[in-house]
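The structure appears right after this line, and notes come after that.
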Amino acid sequence: MIGQSHARRGRRARADPAVIMMAIAYGDSLTNMVQPLFMLPLLAIANCRLRDVVGYTLASMLVSGPVLLGVIVVAGLV
Numbered sequence: 712m713i714g715q716s717h718a719r720r721g722r723r724a725r726a727d728p729a730v731i732m733m734a735i736a737y738g739d740s741l742t743n744m745v746q747p748l749f750m751l752p753l754l755a756i757a758n759c760r761l762r763d764v765v766g767y768t769l770a771s772m773l774v775s776g777p778v779l780l781g782v783i784v785v786a787g788l789v
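Below, the structure written as structure tokens:
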């Protein structure tokens with residue numbers, strides 16, 4: 712549902728649908744870095760707590776966030 716509404720807005724703005732979908736996927740990956748809840752089963756197996764890994768995922772988000780934003784901007788200009 713969310714992708715469909717973004718696709719409609721993108722068509723109105725004459726944006727490439729592939730760029731719109733990649734922007735949605737990049738945004739989803741950034742939110743997974745902030746809240747790494749997908750790791751919960753692995754943390755249980757490794758006997759770790761979420762607090763032990765949040766710092767690493769936050770650091771990776773701060774590094775990769777500007778890179779992904781730059782890719783989206785450049786892809787939108789091409």
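According to the working numbering, the sequence shown is numbered sequentially starting from 712.
Glycine residues also receive a C-beta, built at the ideal position from the N, C-alpha and C atoms.
What do you reckon, is the C-beta of residue i under 7 Å from a heavy atom of the ligand COA?
i	result
P752	Absence of the ligand COA is noted for the structure shown, with no ligands found whatsoever.
Just how far apart, CA to CA, sit residue i and residue j?
i	j	result
V764	V778	22 Å
T742	V730	18 Å
Q746	A755	16 Å
F749	R722	33 Å
Y767	G776	14 Å
A770	V785	24 Å
If residue i sits next to residue j, beta carbons under 8 Å apart, how far is it from one beta carbon to the other, in whole angstroms?
i	j	result
M772	M744	4 Å
G781	A726	The Cβ separation is near 17 Å, so there is no contact.
Can you list, in chain order, the residues of its chain whose CB lies under 8 Å from that of residue i, leaving out five sequence neighbours each side?
i	result
V760	Per the sequence shown, residue 760 should be read as Arg rather than Val. Same-chain partners within the cutoff: L754.
With C-beta atoms as the reference, is residue i less than 8 Å away from residue j?
i	j	result
I793	A734	No answer is possible for residue 793: it lies beyond the span of the chain, which begins at 712 and ends at 789.
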